[in-house]
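The opening position of the sequence shown corresponds to residue 5 in the working numbering, with each subsequent residue numbered one higher. Glycine included, every Cβ here is placed at the ideal spot set by N, Cα and C. For reference, the structure is listed below as structure tokens.
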Amino acid sequence: MKQLFFVANWKSYKTTQEASEWFDRFKIQDVGFKNKEVIICPSFTVIPSLKSLIINHKSPIHLGAQDISPFDEGAYTGEVNGKQLKELVDYVLVGHSERRKDFAETDAMLKNKLEQVYHYGLTPILCISEISQLDAVVEVVDTKAIIVAYEPLFAIGSGLPDSSESAEKMAEGIVGKLPQSTVLYGGSVTGANVSSYLEQKTIQGVLVGSASLSPEEFSTIIKHA
Ligand code: PGA
5 MKQLFFVANW KSYKTTQEAS EWFDRFKIQD VGFKNKEVII CPSFTVIPSL
55 KSLIINHKSP IHLGAQDISP FDEGAYTGEV NGKQLKELVD YVLVGHSERR
105 KDFAETDAML KNKLEQVYHY GLTPILCISE ISQLDAVVEV VDTKAIIVAY
155 EPLFAIGSGL PDSSESAEKM AEGIVGKLPQ STVLYGGSVT GANVSSYLEQ
205 KTIQGVLVGS ASLSPEEFST IIKHA
């Protein structure tokens, strides 16, 4: 049975109080975790309290950050670096299209961020919308572990997901360039369409935005897999 990944990208939503309510409601959904890795990526401010809840309840949930500083510790006002994240999370999202679009993140910044992720022993979840975006990072990634999420721009937050056949084709292209990668699909994933992606040979999980904000819907996604 293949290992499946369910990554929740909460984006800039949820206070610590709201995250705590989400956790309580998610836990009572009785989600089976066998062969399933569930990773929540909240805002930085929410990570410590969610980590305490996970530890106190012996929950198998893993944590990821939504971003990382391209620099190591130092005089970089406002940045959260890999050394700080290492204390709290296992994964880091990099290259999300919203960061590329709204924060003008360049390939050079992305490379530096990936280097920081690896330097601190974290696992990157690299988001791409085109296979060619891998060209900028193949050298840094080399043979190291990586999760790559294929997220077509038209599908993000639109309610118009890509077809599972098209997503599988992209997943094959990703593995063609980075054979060690674990490939996820992201973009308008719901409980109603998740199984069509996970039935594919190469796709090993999903990156979920809007639908992960509801603990009931996110549980449904995990259960339908
Ligand atoms: P969505 O977002 O599930 O709301 O489409 C996915 C993402 O941006 O990672």
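Verify the contact flag: residue i, CB atom, against every heavy atom of the ligand PGA, threshold strictly below 6 angstroms.
i	result
Gly99	no
Val212	yes
Asn13	yes
Ile178	no
Ser199	no
Gly191	yes
Gly161	yes
Please classify residue i: is it buried, with 16 or more other beta-carbons within 10 angstroms of its beta-carbon, or exposed?
i	result
Gln184	exposed
Gln7	exposed
Asp28	exposed
Glu172	buried
Ser136	exposed
Ser199	exposed
Does the beta-carbon distance from residue i to residue j come in below 7 angstroms?
i	j	result
Val210	Val193	yes
Val96	Ala140	no
Val84	Leu118	no
Glu299	Ser170	Residue 299 is absent from the structure shown; the chain starts at 5 and stops at 229.
His66	Ile43	yes
Ser53	Thr19	no
My assumption, with CB atoms under 8 angstroms, is that residue i sits in contact with residue j. Please give the rounded CB distance.
i	j	result
Trp14	Ser216	7 angstroms
Who are residue i's beta bridge partners in DSSP?
i	result
Tyr95	Gly68, Thr127
Gly190	Leu211
Phe10	Val42, Val210
Ala153	Cys131, Leu188
Using a beta-carbon distance below 7 angstroms, is residue i in contact with chain C?
i	result
His61	Judged by its chain identifiers, the structure shown contains no chain C, having just a single protein chain.
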